[in-house]
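Heads up: the sequence lines are chains D and F, in that order. One point on numbering: in this note's numbering, the residue at position 132 of the first sequence is 132, and numbering is uninterrupted. Numbers given in this note's numbering equal positions in the second sequence, counted from 1, plus 164. Working notes, structure below.
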Amino acid sequence: MSLKPVGIGLMQGLFVVFKHATRKRITEQYPEERLTVSRRTRAQELVWDPGLCTGCATCVKACPQGNLKVTTSVGPNNNYIVEKFENDEGRCIFCGLCVEACPYEALFFGRRYERSQYSRGELIADKDEMSGDDKERSAYFRPDLYDDLPEQTLLIYRKHKKII
Amino acid sequence: MALKTDLVTLNIGPHHPSTHGVFRMRVTLDGEMVREVEPMFGYLHRGLEKLAEGRTYTQIIPFTDRLDYVSSMQGNWGYCLAVETLAGIEVPERAEYIRMIVSELQRMINHMLAVGFFITDLGAMQTPFLLMFREREKLVDLYEMLCGQRFLYNYMRIGGVSHDLPPEFFPAVTKFMDEFPSYFQEFEDLLIGNEIIQARAIGTGVISAEQAINYSMSGPCLRAANVDWDLRRDAPYSIYDRFKFDVITGKNGDNWDRYRVRMEEVMQSYGIVQQALEQLQEVPPGPVKAKVPNLLRPPVGEVYVAIEAPKGEMGFYIVSDGSIAPYRWHVRSPDFINLGALRDMAIGSKIADLIATLASIDICLGSVDR
Ligand code: SF4
Ligand code: SF4
Numbered sequence: 001m002s003l004k005p006v007g008i009g010l011m012q013g014l015f016v017v018f019k020h021a022t023r024k025r026i027t028e029q030y031p032e033e034r035l036t037v038s039r040r041t042r043a044q045e046l047v048w049d050p051g052l053c054t055g056c057a058t059c060v061k062a063c064p065q066g067n068l069k070v071t072t073s074v075g076p077n078n079n080y081i082v083e084k085f086e087n088d089e090g091r092c093i094f095c096g097l098c099v100e101a102c103p104y105e106a107l108f109f110g111r112r113y114e115r116s117q118y119s120r121g122e123l124i125a126d127k128d129e130m131s132g133d134d135k136e137r138s139a140y141f142r143p144d145l146y147d148d149l150p151e152q153t154l155l156i157y158r159k160h161k162k163i164i
Numbered sequence: 165m166a167l168k169t170d171l172v173t174l175n176i177g178p179h180h181p182s183t184h185g186v187f188r189m190r191v192t193l194d195g196e197m198v199r200e201v202e203p204m205f206g207y208l209h210r211g212l213e214k215l216a217e218g219r220t221y222t223q224i225i226p227f228t229d230r231l232d233y234v235s236s237m238q239g240n241w242g243y244c245l246a247v248e249t250l251a252g253i254e255v256p257e258r259a260e261y262i263r264m265i266v267s268e269l270q271r272m273i274n275h276m277l278a279v280g281f282f283i284t285d286l287g288a289m290q291t292p293f294l295l296m297f298r299e300r301e302k303l304v305d306l307y308e309m310l311c312g313q314r315f316l317y318n319y320m321r322i323g324g325v326s327h328d329l330p331p332e333f334f335p336a337v338t339k340f341m342d343e344f345p346s347y348f349q350e351f352e353d354l355l356i357g358n359e360i361i362q363a364r365a366i367g368t369g370v371i372s373a374e375q376a377i378n379y380s381m382s383g384p385c386l387r388a389a390n391v392d393w394d395l396r397r398d399a400p401y402s403i404y405d406r407f408k409f410d411v412i413t414g415k416n417g418d419n420w421d422r423y424r425v426r427m428e429e430v431m432q433s434y435g436i437v438q439q440a441l442e443q444l445q446e447v448p449p450g451p452v453k454a455k456v457p458n459l460l461r462p463p464v465g466e467v468y469v470a471i472e473a474p475k476g477e478m479g480f481y482i483v484s485d486g487s488i489a490p491y492r493w494h495v496r497s498p499d500f501i502n503l504g505a506l507r508d509m510a511i512g513s514k515i516a517d518l519i520a521t522l523a524s525i526d527i528c529l530g531s532v533d534r
């Protein structure tokens, strides 16, 4: 590498920059335009299916953070009744090990990612919040949901003028 | 009248945009010249090594994401490889290829970002950095498709990977591979002939081969000092012996060489990914995870396994007492050790070059402080 006459390298650099001046933008104006997240997304909530859950608490043991809380009582047929099922989403690292561990496939990732709240207490999701009907389920470790979900937007397919 | 000069002590950091995280340097300056540098870290210390002693082997995998968060696939890989060596677990071939592809793509991401940060610290406003970021964003999209998250992947498992590649992955990655060289050439055109970069990078932050070895440096920083050492070639782990690639070395061990070594390694990794994608076509579909009990109890013993992470030799030392959690878990993080050489690289240079040298070492405070 030897130094060229001062200026040529700078002009080359500027030339590359100017080539970008006329191309289409590749970013999105976020709240108005939204991308579709991956089908296997591990977004910021867990969805729980009360019909499938047996209260076995395998998910609790799998969690590295220890932030799932399950309380059960004994039901009429000697089964478990889930009294409390709570996830502190402020402490959850969304690693997915609980979803992976659940032997009855009763725990899912949701696809919602706007979860900010004004206080940490509001981030604790309880039974009702985790099992709402409006929750979209992600196909993370639930491959049978995979095909029904919309396709992810990929930047690589975005139409932007190819430079050079 | 004689001019009287005094040494000035200046604290740079911990909250300073050019320190790449919460890193602090106490610098003694004589005018503009650096006389002494005292790196201080620990602001991001989370005690991961201690925390891991209370977790099962699988639960530690998310922690390895948070070591070097710019290249978390490599952290996953090193850790899983260590546990597999300890417990004698055989990884399915398909999983090996998937690991190879995602990790080499991760190396490309890491090196592009490292160069981007370096150029930014030389004073180029965000243009080159954002060009690199655009390429990274394409790959990060692919990772999201694979494992659901864009940054902290938690993708590998002991004995394989968590998911097989989805069918949409191949067309997307092929398109990326087709387009990447021309985009990459664009960075090269933008940067390589630039006089300012040459003037600022050539001959600054020099470290000799001998010093680099004495500091136990590794990765691109070591190779830039003209030491031909790459664990992928010299102590092949996984299936690296099936791929052809060159080990890039520099000459002088200055900032310019570190920048060039990274840029050329991107293209070497690109070659490896291409070979891996070709060879993967011949691997029949099958399981991507070996049968490993959920509560793994490796035999009593200890193991040290090192991989060539983008920043250098990332090693995992695990002592098992036969229970479900490691007795001791230690990480040799490459950037922590490379950072030790900062003092020798920077003393005698100007303060602006100190910032550039720090950027050229490519540290990630997540793995420096653990
Ligand atoms: S996603 Fe991870 S951290 Fe969150 S509740 Fe499940 S296992 Fe725990
Ligand atoms: S592992 Fe599944 S079935 Fe068991 S308690 Fe958790 S959610 Fe319910």
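Cβ coordinates follow ideal geometry from the N, Cα and C atoms, glycine included. No experiment lies behind these values; they were computed from the predicted model shown.
7 Å Cβ shell around F/G450 - same chain, five flanking residues per side excluded:
Counting from one through the second sequence, the residue named residue 450 of chain F turns up at place 286. P256, R258.
Which residue spans inside the segment 181 to 234 of chain F form an unbroken alpha helix (DSSP H) run of at least 4?
212 to 216, 225 to 229
Which residue comes first and which comes last in the beta strand (DSSP E) that contains F/G479?
Within the second sequence, numbered from 1, the residue matching residue 479 of chain F stands at position 315. 476 to 484 is the span of the beta strand (DSSP E), which, as asked, contains F/G479.
9 Å Cβ cutoff met for F/I225 and D/C98:
Translated into positions along the second sequence, residue 225 of chain F becomes position 61. Translated into positions along the first sequence, residue 98 of chain D becomes position 98. Cβ distance not < 9 Å, so F/I225 and D/C98 don't count as in contact.
May I ask you to list, following chain order, the residues of the segment 303 to 329 of chain F that have a beta carbon less than 8 Å from some beta carbon of chain D?
D305, L306, E308, M309, L310, C311, G312, Q313, L316, N318, S326, H327
Across the segment 276 to 287 of chain F and the segment 523 to 534 of chain F, are there enough close Cβ pairs to call them in contact, namely three or more that are closer than 8 Å?
yes
In this structure, what does DSSP give as the bridge partners for F/V469?
Residue mapping note: residue 469 of chain F aligns to position 305 of the second sequence, counting from 1. In the DSSP output, where bridge partners are listed per residue, F/V469 has F/F480.
At a CB-CB cut-off below 8 Å, which residues of chain D make contact with F/L354?
As a position in the second sequence, residue 354 of chain F is number 190, starting the count at 1. Residues of chain D passing the Cβ test: Q12, G13, V16, V17.
Along the chain, where does the alpha helix (DSSP H) containing F/L496 start, and where does it finish?
Position 332 of the second sequence, counted from the start, is the residue given in the question as residue 496 of chain F. The question names Leu, but residue 496 of chain F in the sequence shown is Arg. Looking at the DSSP string, F/R496 is not in any alpha helix (DSSP H); the run it does join, the beta strand (DSSP E), is 492 to 496.
At a threshold of 8 Å, does D/V47 count as lining ligand 1 (C-beta to nearest heavy atom)?
In the first sequence, counting from the first residue as 1, residue 47 of chain D sits at position 47. Outside the cutoff, so no.
Out of curiosity, what's the CA-to-CA distance linking D/T58 and D/A101?
In the first sequence, residue 58 of chain D corresponds to position 58, counting from 1. In the first sequence, residue 101 of chain D corresponds to position 101, counting from 1. Their backbone Cα atoms lie some 6 Å apart in a straight line.
In or out: F/S235 buried (at least 16 other Cβ within 10 Å) or exposed?
On the second sequence, residue 235 of chain F is found 71 positions in, with the first residue counted as 1. F/S235 is buried by the Cβ-count criterion.
Contact set between D/S38 and chain F, taken where Cβ atoms lie within less than 7 Å
Numbered from its first residue, the first sequence carries residue 38 of chain D at position 38. By Cβ distance, chain F contributes E308, M309, G312.
Name the chain F residues whose beta carbon is nearer than 9 Å to that of D/L97?
Your numbering for residue 97 of chain D matches position 97 in the first sequence. Here the neighbours are T222, Q223, I225, P226, N318.
Per DSSP, cross-strand counterpart(s) of D/A125
As a first step, residue 125 of chain D is located in the first sequence; it is residue number 125 there, counting from the start. DSSP, once it has assigned bridges, lists D/N87 as partnering D/A125.
Chain F within 9 Å of D/F168, Cβ atoms only
Residue 168 of chain D lies beyond the residue range present for chain D, which begins at 1 and ends at 164; the question has no answer from this structure.
Taking 9 Å as the threshold (beta carbon to beta carbon), is F/A389 in contact with chain D?
The residue given as residue 389 of chain F occupies position 225 in the second sequence. No, F/A389 does not count as interfacial toward chain D.
F/M197 vs F/G476 beta-carbon contact at 9 Å:
Start at 1 with the first residue of the second sequence, and residue 197 of chain F comes out as number 33. Start at 1 with the first residue of the second sequence, and residue 476 of chain F comes out as number 312. Cβ distance not < 9 Å, so F/M197 and F/G476 don't count as in contact.
With a threshold of 16 other CB atoms inside 10 Å of the CB of D/S116, please say whether the residue is buried or exposed.
Working through the first sequence from its first residue, we reach residue 116 of chain D at position 116. Exposed.
Minimum Cβ-Cβ distance from F/N378 to chain D less than 9 Å:
Numbered from 1 along the second sequence, position 214 holds the residue referred to as residue 378 of chain F. Chain D, which has no Cβ nearer than 9 Å to the Cβ of F/N378, makes this no.
Would you say F/F500 faces chain D, with C-beta separation under 9 Å as the test?
Residue 500 of chain F sits at position 336 when you count from the first residue of the second sequence. Output row for F/F500: interface = no.
What residue from D/R39, D/T41, D/Y113 has the CA that sits closest to D/P31's CA?
Within the first sequence, numbered from 1, the residue matching residue 31 of chain D stands at position 31. The residue with the shortest Cα to Cα distance from D/P31 is D/Y113.
Starting from the Cα of F/T192, find the closest Cα among F/E202, F/G185, F/V186 and give me that residue.
In the second sequence, the residue the question calls residue 192 of chain F occupies position 28. When only C-alpha atoms are compared, the closest one is F/E202.
Judging by CA-CA distance, which residue of F/M264, F/G218, F/D394, F/L303 is the nearest neighbour of F/P335?
Here residue 335 of chain F corresponds to residue number 171 of the second sequence, with the count starting at 1. When each option's Cα is compared against that of F/P335, the closest is F/L303.
Member of F/E213, F/G239, F/L329, F/E308 whose CA lies at the smallest distance from the CA of D/A43:
The residue given as residue 43 of chain D occupies position 43 in the first sequence. Ranking F/E213, F/G239, F/L329, F/E308 by Cα distance to D/A43 puts F/E308 first.
Can you tell which of D/T41, D/G121, D/P103 has the C-alpha that lies nearest to the C-alpha of D/E151?
For this step, residue 151 of chain D is matched to residue 151 along the first sequence. Cα-wise, what sits closest to D/E151 is D/T41.
Name the chain F residues whose beta carbon is nearer than 9 Å to that of D/K138?
Numbered from its first residue, the first sequence carries residue 138 of chain D at position 138. It should be noted that the sequence gives Ser, not Lys, for residue 138 of chain D. Correct list: G312.
Interface residues of chain D facing F/A336 [CB-CB closer than 9 Å]:
Working through the second sequence from its first residue, we reach residue 336 of chain F at position 172. By Cβ distance, chain D contributes L154, I156, Y157.
So with Cβ pairs under 9 Å, would you call F/G357 a contact of chain D?
In the second sequence, counting from the first residue as 1, residue 357 of chain F sits at position 193. Yes, contact with chain D.
Which residues of chain F have a Cβ atom closer than 9 Å to the Cβ of D/T41, listed in chain order?
Sequence index remark: in the first sequence, residue 41 of chain D carries index 41 (1-based). Residues of chain F passing the Cβ test: E308, G312, Q313.
Can you check which of these residues, F/D170, F/N458, F/A516, is closest to D/P103 by C-alpha distance?
Position 103 of the first sequence, counting from 1, holds the residue named residue 103 of chain D. Among F/D170, F/N458, F/A516, the Cα nearest to that of D/P103 belongs to F/N458.
State yes or no: is the C-beta of F/G414 nearer than 8 Å to some heavy atom of ligand 2?
The count along the second sequence starts at 1 and reaches residue 414 of chain F at position 250. The answer is no for F/G414.
Apart from the five residues on each side of it in sequence, which residues of its chain come closer than 6 Å, Cβ to Cβ, to D/I163?
Translated into the one-based positions of the first sequence, residue 163 of chain D becomes position 163. At D/I163 the pLDDT is 39, less than 50, meaning the model places this residue with poor confidence; the figure from the coordinates comes in the next sentence. Within the same chain, D/I163 has close Cβ partners K19.
Outcome for F/R387 when other beta-carbon atoms lying within 10 angstroms are tallied against a minimum of 16
By 1-based counting over the second sequence, the position of residue 387 of chain F is 223. Buried: at least 16 other Cβ atoms inside 10 Å.
Three CB pairs or more closer than 8 Å across the segment 269 to 281 of chain F and the segment 497 to 507 of chain F
no
First and last residue of the beta strand (DSSP E) that includes D/L68?
Mapped onto the first sequence, residue 68 of chain D falls at position 68. Element bounds for D/L68: 68 to 74.
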